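Each residue of the sequence shown is one higher than the one before, starting from 103 at the first, in this note's numbering.
C-beta atoms are modelled at their ideal positions from N, C-alpha and C, and glycine is treated no differently.
These figures come from a predicted structure and were not determined experimentally.
Data first, discussion second: the structure below is written as structure tokens.
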Amino acid sequence: SPTIPPTTNIPTVPPSRTPTISPTDLPTSVPATNSPTTSSSERPSTASPTVIRIPTAMPSVEPSSLFPDGGTTFKPSFVSPTLFPTAFEGAVGSVGDENEVDDSEEREDANDDDKDNDDANDQVETITEGMNMGTEATIEGDATFYLMSDGANNVAFWESQLSVLDVEQSGAKFLVHLGSASRRVDDCARSAYTKAKESLTNTPVPVYSLPGNFDWPECSDPESGWKHYQDHMMNINTNWDTATDYVVYRQQERPENFSFLWKRVLFVGIHMVTNSDADETNERVMDNIQWVNQNVEEHQMENIDAIFVMGNERLLATENIAFYEHFSNKKKNVDEWNDVLFVYSRRSGISGLSRDIGGVTDLHELRVGSEWPIMDVRVQTGNVAGIQFRTVSSRIGRASGSGGQDGVI
103 SPTIPPTTNI
113 PTVPPSRTPT
123 ISPTDLPTSV
133 PATNSPTTSS
143 SERPSTASPT
153 VIRIPTAMPS
163 VEPSSLFPDG
173 GTTFKPSFVS
183 PTLFPTAFEG
193 AVGSVGDENE
203 VDDSEEREDA
213 NDDDKDNDDA
223 NDQVETITEG
233 MNMGTEATIE
243 GDATFYLMSD
253 GANNVAFWES
263 QLSVLDVEQS
273 GAKFLVHLGS
283 ASRRVDDCAR
293 SAYTKAKESL
303 TNTPVPVYSL
313 PGNFDWPECS
323 DPESGWKHYQ
333 DHMMNINTNW
343 DTATDYVVYR
353 QQERPENFSF
363 LWKRVLFVGI
373 HMVTNSDADE
383 TNERVMDNIQ
393 WVNQNVEEHQ
403 MENIDAIFVM
413 GNERLLATEN
423 IAFYEHFSNK
433 KKNVDEWNDV
443 LFVYSRRSGI
453 SGLSRDIGGV
463 TDLHELRVGS
473 EWPIMDVRVQ
483 TGNVAGIQFR
493 TVSSRIGRAS
503 GSGGQDGVI
């Protein structure tokens, strides 16, 4: 791996990196739009019935310490099962005939559920100073990676697709699954998470997971769903050798949230789902805001050309407006944020790009279509920051598209 440049070469004042539209030969079949679109398969933003739940305390305004990633256990408290209205109407299910839910694995020894989290707390240490960012954290260049949402329940299909991704040709370093591992029809059965994990572990690059709506808030038993997600998906990246090019950190209060700096792109994964419980939602959104801000502070803006945030739900969904307003205000009013590209990527029924959300320059939303094909993304850093994306439609990871506007910011 390339060696990280000496710290003396890192400028104390960030260079001008105003993102511009750059040419690309990576087409997408979905043209960009100037505002987020909502397909028939996406969740309506109307409020859901009230959920009975004991609210937890609001997070401290003091930033928490970053923790190196090594797996950990965490579970929010729930009082009663919750039934939510139907979501993602018309969404495509996993490839193959899987309408019948196989819950035979539910009878397996419950002790197996905790095997991914054994001694997790012993692997986590608080960072107090001398933050290690990895050997390629501040090197300029193309940061290439995969994004996907939903899917992975048909193990045979996903193994045949993911195991032969041509990472040498694409240059992809990792894959992020934006949720959900479980489908609505699964109702958060344990087998849904074990199938998703089995499928994703065939990927030749490390996989990072974020929770989706069907992973816990829309379960008939949310507590059980969250435990299954914890046990099988939250720390799925530990199935690969520890990366040295970048260093993964997790939020102390909310360890499903992760971050790392690679090729001057700050990647931040956050727990962004829809839940009708206002107290839980407000606390989680505040934690997400704090996590992004903390990472910018810890990694230092002078080392960052682009901030790439990943979640499951829409940026402009009613419950996420506080998150959007906080960072749109920073983009408009804080000098050091002006020249930084800010992209929020999330699960969608259709892939596409919405630029300058709410009229805020260089604040974009990247929509990642559910199931196959997955998305191949390249973030360019250096004097000019930008992003390209394409769908991976063949088993050797080549681009697809039927003309139209290139997927470029």
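Of all alpha-carbon atoms in A254, P319, A345 and W260, the one lying nearest the alpha-carbon of A294 is that of A254. Separation of N485 and F276 (C-alpha to C-alpha, rounded to the nearest whole angstrom) is 24 Å. For Q354 and E385, the gap between their C-alpha atoms comes out near 14 Å.
Checking the DSSP bridge columns, you'll see F444 partnered with I409 and L465.
Secondary structure of R386 (DSSP, three-state): helix. No Cβ-Cβ contact shorter than 7 Å links I409 with L468. It is roughly 19 Å from the alpha-carbon of N414 to the alpha-carbon of N395.
For the 7 Å CB-CB criterion, L465 and K433 form a contact. Under the 8 Å Cβ criterion, the segment 321 to 337 counts as touching the segment 296 to 308, having at least three qualifying pairs. Looking at the DSSP output, L312 bridges to nothing. Classified as exposed, G461 has fewer than 16 neighbouring CB atoms from the shown chains inside 10 Å of its CB. When DSSP states are grouped into helix, strand and coil, D289 belongs to the coil group. By the C-beta density criterion, V494 is buried, having at least 16 other C-beta atoms within 10 angstroms. A direct Cα-to-Cα measurement between D317 and L363 gives close to 27 Å. Counting of Cβ neighbours within 10 angstroms places E473 among the buried residues, the total reaching 16 or more.
Pairing L302 with D458, the inter-Cα distance amounts to about 33 Å. For G327, the three-state secondary structure derived from DSSP is helix.
The beta carbons of R480 and D244 sit closer together than 7 Å. Using a 10 angstroms sphere on the CB of D407, the tally of other CB atoms reaches 16 or more, which defines it as buried. Comparing alpha-carbon positions, the option among N422, Y348 and V398 lying closest to V436 turns out to be V398. For L277, the enclosing beta strand (DSSP E) starts and ends at L277 to H279.
Separation of the CB atoms of T383 and E325 is rounded to 17 Å, and the pair is thereby denied contact status at 8 Å. In the three-state reduction of the DSSP assignment, Y248 falls in the strand class. Taking C-alpha positions only, N359 is separated from L455 by approximately 24 Å. Residue nearest to K365 within the set D288, T483 and V350 is T483 (criterion: CA-CA distance). Straight through space, the alpha carbons of V411 and T240 are spaced by roughly 18 Å. A straight line joining the alpha-carbon of T237 with that of D347 spans about 5 Å. M477 has its alpha-carbon roughly 7 Å from the corresponding atom of F491.
Excluding five sequence positions before and after D289, the CB atoms of its chain that fall closer than 7 Å to its own CB belong to C321 and S322, given in chain order. G460 sits in a helix when the DSSP states are folded into three classes.
DSSP places S262 inside the alpha helix (DSSP H), whose first and last residues are V257 to L264. Membership of S361 in the beta strand (DSSP E) is indicated by the continuous run F360 to W364. Under the DSSP assignment, V479 falls in the beta strand (DSSP E) whose first and last residues are I476 to Q482.
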